[in-house]
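**Student:** Okay, handing you the structure first.
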Amino acid sequence: MTDDTTAPAMPTDTPLRTLLVGAQMLFVAFGALVLVPLLTGLDPNVALFTAGVGTLVFHAVTGASVPVFLASSFAFIAPIQSSVESFGIPATLGGMLAAGLVYVLISQLVRLKGTAWLHRLLPPVVVGPVIMVIGLALAPVAVDMATGQTSETIGYGRAITLSMASLLVTLVLAVFGRGLIRLVPIMGGIVTGYALSMMMGVVDFTPVREASWLALPEFTAPTFHWAAVLFMIPVAIAPAVEHIGDMVAIGSVTRRHYLEKPGLHRTLLGDGLATCTAALFGGPPNTTYSEVTGAVTLTRAFNPRIMLVTAAIAIVLSFLGKLGAVLQTIPAPVMGAS
């Protein structure tokens, strides 16, 4: 890794190429971005909006120097589901706002004390199992969705057919895909399962017909419930540490040391404020997307301005009412498998 004086020059992009590459980056992130709100009961249009706004906030804090896109964090899926059941969506959003403030607090500690204390407190041997446990906590929910237990209209046989087809395509793309195709396994699994669902006649398009083409996302204001706040705050620790790995990864691609410039304290602050902003509007917590980092690696599109275009496209799409309606017609077995 080199410093800014020896780093490779950013490619000069035409406006059209910047627009096309920005759209491509959103396509790579889209499957995971909308899956999180669909699994947690949040609004996918709001998630698109807060991903775009959160990315703009991040780049405002970091001086638009890091080519990353922020969107819905998978680490919060299980905690959000549990919190929504116990405290409701507004209180859960209050907890997520508090989680974003934890990022902000950590960023200031990093600014004052450096990162050594963070690595001593939470070494990889601790963070790794925590992230694994968060993922495994989703297993019972995913199984119920994949087997049709959460659907009143899809029986076990159809549910298994849909979920296994979606899962198979997801795994094949993840393991055997090449180039950009390998970066969109979730999208591939959802599209395959949805197409099969339409052929089986289990998709109800009534909400799509009734939805307006243009509509404001259904924003939800957070409320503060101490139990929800205390429940959500610990969840923020592992993703905050994972953030360091994301910055190192994108830095190794662009040959720039982002932990020094703009500095880890600024990238953590940007991530935290992006999550706070998302919670204020009713969206899931934001995080940097490794899928987009992979796309940056393949396309060599190192210009951070491209991510600003990606964010703008996400915001525009969030106002398409029919898009949100289509996303909410995706059958539960398809989402559970993906």
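With the first letter of the sequence shown counted as 1, position 140 gets the number 140 in full-length UniProt numbering; the numbers rise by one all the way through. Using N, Cα and C, we set each Cβ at its ideal position, and we do this for glycine too.
In its own chain, which residues sit with a C-beta less than 6 Å from the C-beta of residue 183, not counting the 5 before and 5 after it?
**Tutor:** Residue mapping note: residue 183 aligns to position 183 of the sequence shown, counting from 1. Taken in chain order, the residues that qualify are 28, 291, 294 and 295.
**Student:** Enumerate in chain order the residues of its own chain whose CB-to-CB distance from residue 329 is below 7 Å, with the five nearest sequence positions on each side excluded.
**Tutor:** On the sequence shown, position 329 is the one that residue 329 refers to. So the list reads 203, 204, 205, 207 and 208, once near-sequence residues are dropped.
**Student:** Per the contact definition of three or more C-beta pairs closer than 8 Å, is the stretch 89-98 in contact with the stretch 212-231?
**Tutor:** yes
**Student:** Contact defined as beta carbons within less than 8 Å: I believe residue 173 pairs with residue 185. What is the distance between those atoms, to the nearest angstrom?
**Tutor:** Your numbering for residue 173 matches position 173 in the sequence shown. Your numbering for residue 185 matches position 185 in the sequence shown. 4 Å between Cβ atoms; contact.
**Student:** How big is the Cα-Cα spacing for residue 324 and residue 99?
**Tutor:** As a position in the sequence shown, residue 324 is number 324, starting the count at 1. As a position in the sequence shown, residue 99 is number 99, starting the count at 1. Separation of residue 324 and residue 99 (C-alpha to C-alpha, rounded to the nearest whole angstrom) is 26 Å.
**Student:** Less than 7 Å between C-beta atoms, sequence neighbours within five positions excluded: which residues of the same chain meet that for residue 269?
**Tutor:** If you number the sequence shown from 1, residue 269 lands on position 269. The residues are 61, 104 and 107.
**Student:** Can you find the residues in the same chain that come closer than 7 Å, C-beta to C-beta, to residue 18, ignoring five residues on each side of it along the sequence?
**Tutor:** On the sequence shown, residue 18 is found 18 positions in, with the first residue counted as 1. 305, 306 and 309.
**Student:** For residue 288, write down the residues that DSSP places opposite it in a beta bridge.
**Tutor:** Taking the sequence shown and counting its residues from 1, the one referred to as residue 288 is at position 288. Residue 288 pairs with 70.
**Student:** Ignoring anything shorter than 3 residues, give me the beta strand (DSSP E) runs that lie fully in the stretch 247-300, in order along the chain.
**Tutor:** Within the stretch 247-300, the complete beta strand (DSSP E) runs of at least 3 residues are 286-288.
**Student:** Distance check for residue 192 and residue 276, CA to CA, integer angstroms please.
**Tutor:** Locating residue 276 in the sequence shown gives position 276, counting from the first residue. Locating residue 192 in the sequence shown gives position 192, counting from the first residue. The straight-line gap from Cα to Cα measures roughly 34 Å.
**Student:** Is the beta carbon of residue 262 sitting closer than 9 Å to the one on residue 65?
**Tutor:** The sequence position of residue 262 within the sequence shown is 262, counting from 1. The sequence position of residue 65 within the sequence shown is 65, counting from 1. A contact, by the Cβ cut-off of 9 Å.
**Student:** Taking DSSP as the reference, what is the three-state secondary structure of residue 320?
**Tutor:** Here residue 320 refers to the residue found at position 320 of the sequence shown. Secondary structure of residue 320 (DSSP, three-state): strand.
**Student:** Using the three-state DSSP reduction, which class does residue 216 fall into: helix, strand or coil?
**Tutor:** Sequence index remark: in the sequence shown, residue 216 carries index 216 (1-based). Here residue 216 sits in coil by DSSP.
**Student:** Using beta-carbon positions only, say whether residue 46 and residue 210 come within less than 9 Å of one another.
**Tutor:** Locating residue 46 in the sequence shown gives position 46, counting from the first residue. Locating residue 210 in the sequence shown gives position 210, counting from the first residue. The answer is no: Cβ separation not under 9 Å.
**Student:** Just the C-alpha distance for residue 212 and residue 327, rounded to the nearest angstrom, thanks.
**Tutor:** Counting from one through the sequence shown, the residue named residue 212 turns up at place 212. Counting from one through the sequence shown, the residue named residue 327 turns up at place 327. One C-alpha to the other measures close to 14 Å.
**Student:** Do residue 239 and residue 287 have their beta-carbon atoms positioned less than 9 Å apart in this structure?
**Tutor:** As a working mapping, residue 287 is identified with position 287 in the sequence shown. As a working mapping, residue 239 is identified with position 239 in the sequence shown. Yes, these two residues count as a Cβ contact at 9 Å.
**Student:** If you draw a straight line from the C-alpha of residue 157 to the C-alpha of residue 187, how long is it?
**Tutor:** Locating residue 157 in the sequence shown gives position 157, counting from the first residue. Locating residue 187 in the sequence shown gives position 187, counting from the first residue. Taking the straight line from one Cα to the other gives about 23 Å.
**Student:** Just to confirm my understanding: we take residue 15, look at its own chain, exclude 5 residues before and 5 after, and list those with CB closer than 6 Å. What are they?
**Tutor:** Here residue 15 refers to the residue found at position 15 of the sequence shown. Counting only Cβ-Cβ distances below 6 Å, and skipping sequence neighbours, we find nothing.
**Student:** At what residues does the alpha helix (DSSP H) containing residue 413 begin and finish?
**Tutor:** The structure shown has nothing for residue 413, since the chain only spans 1 to 338.
**Student:** Measure the C-alpha to C-alpha separation of residue 23 and residue 30 and round it to an integer number of angstroms.
**Tutor:** Counting from 1 along the sequence shown, the entry for residue 23 is found at position 23. Counting from 1 along the sequence shown, the entry for residue 30 is found at position 30. A straight-line Cα-Cα distance of about 10 Å links residue 23 and residue 30.
**Student:** Return the Cβ separation of residue 71 and residue 51 in integer angstroms, given the expectation that the two are a contact with Cβ distance under 8 Å.
**Tutor:** Position 71 of the sequence shown, counting from 1, holds the residue named residue 71. Position 51 of the sequence shown, counting from 1, holds the residue named residue 51. Right, their Cβ atoms sit about 4 Å apart.
**Student:** Measuring alpha carbon to alpha carbon, tell me which residue in 214, 176 and 36 is nearest residue 322.
**Tutor:** Start at 1 with the first residue of the sequence shown, and residue 322 comes out as number 322. Among 214, 176 and 36, the Cα nearest to that of residue 322 belongs to 214.
**Student:** Please report the distance separating the alpha-carbon of residue 299 from that of residue 289.
**Tutor:** Position 299 of the sequence shown, counted from the start, is the residue given in the question as residue 299. Position 289 of the sequence shown, counted from the start, is the residue given in the question as residue 289. Each residue's alpha carbon lies about 16 Å from the other.
**Student:** Beta carbon of residue 146, beta carbon of residue 336: below 9 Å?
**Tutor:** For this step, residue 146 is matched to residue 146 along the sequence shown. For this step, residue 336 is matched to residue 336 along the sequence shown. Yes.
**Student:** Can you tell me which of 109, 165, 280 and 119 puts its alpha carbon nearest to the alpha carbon of residue 245?
**Tutor:** Taking the first residue of the sequence shown as 1, we reach residue 245 at position 245. Measuring from the Cα of residue 245, the nearest candidate turns out to be 119.
**Student:** For residue 58 versus residue 283, is the C-beta distance shorter than 9 Å?
**Tutor:** Residue 58 sits at position 58 when you count from the first residue of the sequence shown. Residue 283 sits at position 283 when you count from the first residue of the sequence shown. No, the pair does not count as a contact, with Cβ atoms beyond the cut-off.
**Student:** Out of 265, 274 and 201, which one is the CA nearest neighbour of residue 113?
**Tutor:** Translated into the one-based positions of the sequence shown, residue 113 becomes position 113. Nearest C-alpha to residue 113: 265.
**Student:** For residue 313 and residue 281, I'd like the C-alpha separation in whole angstroms.
**Tutor:** The count along the sequence shown starts at 1 and reaches residue 313 at position 313. The count along the sequence shown starts at 1 and reaches residue 281 at position 281. The straight-line gap from Cα to Cα measures roughly 18 Å.
**Student:** Once you ignore the five residues that flank residue 297 on each side, which residues in its own chain have a CB closer than 8 Å to its CB?
**Tutor:** Reading the sequence shown from its first residue, position 297 is the one you call residue 297. Hits under 8 Å: 253.
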